[in-house]
Structures are given as C-alpha cells and as structure tokens.
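For the sequence shown, the residue numbers in the UniProt record's numbering are 1 to 132. A virtual CB, placed ideally from N, CA and C, is assigned to each residue, including glycine. Predicted model only: the values in this text are computed from it and were never measured. Report on the structure given below.
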Amino acid sequence: MTWTLLHDRMAFMAQLIRAAETDPEAALAELSEPSGAARASEVSRLFGDEEGLLLSLRQRWLTMLAAKLDQAAYDGATAEQARADLETAQPGLHALLEIAARRSLRVRALSRGEQQAMDLFDGSTSDRQTVA
C-alpha cells in the first residue's frame, strides 16, 4: 500500500465516521445507493468492497482500544473504563461497528479479539496456555 492510498483510506474513514455521528445507518446506506455511486467506487478502490471497509473500521477501533488500554495501565483505570472512554470519544465509529457486526460475520468474529485484549489487560488468565 502506498502512502497516498493509506492517506486516502484514512480520510475516507474519517469522513464516514463524522457522518455516522448523526446517522450511522444513512452514512452506510449512502455507499450502496445509486446516488452514492461515486462513494461506492471509492470504497471499491480503497477497500475492495464494503466488508473491507467495515474490517478496516474494526481494525481502527482495535488500534485505538490498544492505545486506550496502554494509557489506562499508566492511569490505573480498568479495561471497561478505557473502552467506555473510547465509545464516548468515538460515537460515530462505535455506531458503525454495531451495524458492521450485524452485517458481517468476519467483523463480528473480531469482537472476540477485543474481549481477549481487555481480559488480558485486566489480568484474566483462564484461557492462557503455556508451553513447557
């Protein structure tokens, strides 16, 4: 991926997230409506398809959550508080991911990874395995 493509992808996601702060369903619907053909073409060029966009949004959320968890460790906050802070700071992204989880099994499957990261942060060791 070129730097230009990366910047185009980030700008597209930022614009979509801003639009989703007021109406996430409409923000996503615009991508598949005939009047949104240019936006659908951009999705295809930048992400391959709508699911690629949704997966990219999910990755963006996970990256932001990891940063929030790092800060929470420094501040002595819980993983749940870090996640709640992220939801408050990124309402459009959170709303898009709620819709994405209903539309895509692959996006929904990634929520397990989010929970695992939070469990590890909080010290849960119930599903860890060691090699000896």
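- Under the three-state reduction of DSSP output, residue 116 falls in the helix class.
- About 7 Å separates the beta carbon of residue 78 from that of residue 122, a gap short enough to meet the 8 Å contact definition.
- Counting only runs of 3 or more residues that sit fully inside the stretch 40 to 65, no beta strand (DSSP E) segment turns up.
- For residue 23, there is no enclosing alpha helix (DSSP H), as DSSP marks it with neither H nor E.
- Nearest to residue 87 by C-alpha distance, out of 21, 113 and 4, is 21.
- Taking C-beta atoms as the reference points, residue 28 and residue 50 count as a pair closer than 9 Å.
- Between the beta-carbon of residue 54 and that of residue 114 there is about 15 Å, and that puts the pair past the 8 Å contact cut.
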